[in-house]
Amino acid sequence: MADYSLLEKYDAIRYRFEEVGSQITDPSVMSDMKRYVKLNQEYKRLESLTNAFKEYKAIIDNIESGKQMLDEETDEDLREMAREEIEASEALIPEKEQNIKLLLIPADPEDGKNAILEIRAGTGGDEASIFAGDLFRMYTKYCERKGWRMEVTNTSEGTSGGYKEIVATISGEGVYGVMKYESGVHRVQRVPQTETQGRVHTSAATVAVLPEAEEFDIDLKESDIRKDTYCSSGPGGQSVNTTYSAIRLTHIPTGIVVTCQDQKSQIKNLAKAMIELRTRIYNQEHQKYLDAIASKRKTMVSTGDRSAKIRTYNWPQGRITDHRINLTIYNLQAVVGGDLDEIIGKLQVEENAERLKEAEI
């Protein structure tokens with residue numbers, strides 16, 4: 000049975016879609032970049048919603064036409080065709096209604112942004128650093144699958160391999176909306192390379208995913224930033240340890256410090272460091288939002304509290320368990336090879352169900 004109350008919202012949605020479409024071509028709006036970007040985001044959402052309503056209305060009209068044919072037609076073959084058409088159309092209604100209800104819920108404005116990925120070795124000594132390296136390779140391969148671009152901005156290598164810490168920016172369509180589910184503590188259970196007795200150890204690494212802040216998201220004053228330069232360390236060619244290309248930025252009001260030494264050019268390192276600094280300052284406010292929704296959505300508990308254990312990778316059993324939704328799958332090698340779609344897909348489904356419940360549409 001179709002939910003005709005949904006169709007009552009269609010006219011208002013269509014009117015707003017046309018209104019926003021007119022506004023984004025207005026020169027006065029285009030000159031205000033912050034407003035222009037927000038209106039463009041709204042336009043894309045309304046466009047998807049308008050198209051979904053059109054499809055839904057076409058199905059409803061099809062059902063009504065079929066019912067009218069049943070009332071008026073006497074030819075039994077045509078009546079049978081009408082019944083089949085009605086049945087096929089009615090079968091499409093639940094999925095279309097669910098899609099519209101999800102689209103009616105305002106999307107998180109951060110979901111469409113690029114992201115900054117930060118992985119830190121936790122408990123477990125050298126094995127934790129090695130595991131942090133495994134996680135970074137997993138995300139690198141996942142980004143390749145998605146067609147996203149990843150750029151490392153800062154690393155601190157582990158003594159036996161992997162990383163004590165690694166920071167990277169990920170650019171692409173809707174990066175944060177997908178990668179946000181990865182924030183939290185990732186735990187590994189396996190026999191470490193340094194273990195001589197063959198015993199299984201438990202180690203951990205912490206993953207943080209932050210929505211990248213745009214220039215107009217935050218007013219960053221140059222007078223509030225202290226810039227230090229120093230020689231880069233690690234691999235990178237003859238300029239490493241000889242030129243002051245590495246950058247350290249300190250935001251004096253908040254005490255936030257970021258470093259970037261990935262590029263040989265000081266200018267390029269400064270540009271990357273500024274992006275990360277804006278993001279970290281912006282995320283102090285964004286964290287308040289995450290804390291507010293963490294108690295409502297179990298899929299986001301790790302984002303609201305980055306100390307939360309979200310996933311366990313058990314090597315001996317080839318098992319991965321996501322503790323937020325009690326999901327256990329036995330394809331560990333595929334997942335660490337970058338195939339995260341199944342896990343993230345199920346987390347998205349769960350969050351959508353929670354968002355619908357919150358909105359009570």
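Residue numbers (numbering that gives the first Met the number 0): 0 to 360. All C-beta atoms, glycine included, are put in the ideal place defined by N, C-alpha and C.
Cα-Cα separation between residue i and residue j, rounded to whole angstroms
| i | j | result |
| --- | --- | --- |
| residue 353 | residue 63 | 33 Å |
| residue 124 | residue 191 | 10 Å |
| residue 240 | residue 267 | Its pLDDT being 48, under 50, residue 240 is placed unreliably in this model, and the value from its coordinates should be taken loosely. Rounded to whole angstroms, residue 240 to residue 267 spans 17 Å at the Cα level. |
| residue 84 | residue 347 | 33 Å |
| residue 314 | residue 188 | 6 Å |
| residue 18 | residue 137 | 44 Å |
| residue 107 | residue 24 | 24 Å |
| residue 29 | residue 109 | 21 Å |
| residue 61 | residue 20 | 29 Å |
| residue 343 | residue 180 | 7 Å |
| residue 71 | residue 93 | 28 Å |
| residue 152 | residue 316 | 35 Å |
| residue 272 | residue 259 | 6 Å |
| residue 321 | residue 127 | 19 Å |
| residue 14 | residue 38 | 15 Å |
| residue 331 | residue 67 | 55 Å |
| residue 143 | residue 78 | 52 Å |
| residue 222 | residue 324 | 46 Å |
| residue 174 | residue 86 | 39 Å |
| residue 149 | residue 178 | 13 Å |
| residue 165 | residue 121 | 13 Å |
| residue 310 | residue 33 | 37 Å |
| residue 196 | residue 349 | 41 Å |
| residue 74 | residue 10 | 37 Å |
| residue 367 | residue 22 | Residue 367 is absent from the structure shown; the chain starts at 0 and stops at 360. |
| residue 182 | residue 76 | 58 Å |
| residue 160 | residue 200 | 17 Å |
| residue 261 | residue 204 | 22 Å |
Rounded distance between the beta-carbons of residue j and residue i, thought under 8 Å
| i | j | result |
| --- | --- | --- |
| residue 162 | residue 154 | 6 Å |
| residue 56 | residue 6 | 7 Å |
| residue 48 | residue 104 | The Cβ separation is near 10 Å, so there is no contact. |
| residue 146 | residue 176 | At roughly 15 Å, the Cβ-Cβ gap does not stay under 8 Å, so residue 146 and residue 176 are not in contact. |
| residue 98 | residue 51 | 5 Å |
| residue 257 | residue 248 | 5 Å |
| residue 217 | residue 281 | 5 Å |
Beta-carbon proximity check, residue i vs residue j, cutoff 8 Å
| i | j | result |
| --- | --- | --- |
| residue 116 | residue 208 | yes |
| residue 326 | residue 345 | yes |
| residue 118 | residue 206 | yes |
| residue 255 | residue 277 | no |
| residue 130 | residue 202 | yes |
| residue 185 | residue 312 | yes |
| residue 251 | residue 211 | no |
| residue 265 | residue 229 | no |
| residue 368 | residue 335 | Absent from the structure is residue 368, since the part of the chain shown begins at 0 and ends at 360. |
| residue 351 | residue 45 | no |
| residue 91 | residue 82 | no |
| residue 253 | residue 283 | yes |
| residue 54 | residue 95 | yes |
| residue 40 | residue 157 | no |
| residue 141 | residue 355 | no |
| residue 220 | residue 246 | no |
| residue 58 | residue 88 | yes |
Residue range of the beta strand (DSSP E) that includes residue i
| i | result |
| --- | --- |
| residue 114 | 114-120 |
| residue 224 | 224-229 |
| residue 46 | Where residue 46 is concerned, there is no enclosing beta strand (DSSP E), although the alpha helix (DSSP H) it sits in stretches over 32-71. |
| residue 188 | 183-189 |
| residue 309 | 308-313 |
| residue 207 | 200-210 |
| residue 326 | 326-328 |
| residue 250 | 245-250 |
| residue 321 | 318-321 |
| residue 255 | 255-259 |
Endpoints, the alpha helix (DSSP H) within which residue i is located
| i | result |
| --- | --- |
| residue 77 | 75-103 |
| residue 331 | 331-335 |
| residue 110 | Looking at the DSSP string, residue 110 is not in any alpha helix (DSSP H), and its letter there is neither H nor E. |
| residue 12 | 9-22 |
| residue 26 | 26-29 |
| residue 176 | 174-178 |
Near the ligand MN: residue i beta-carbon under 7 Å from a heavy atom
| i | result |
| --- | --- |
| residue 26 | What this structure holds is no ligand at all, so the ligand MN is not there to describe. |
Taking only runs of the beta strand (DSSP E) that begin and end inside the region 115-164, which ones reach a length of at least 3 residues, in chain order? 148-156
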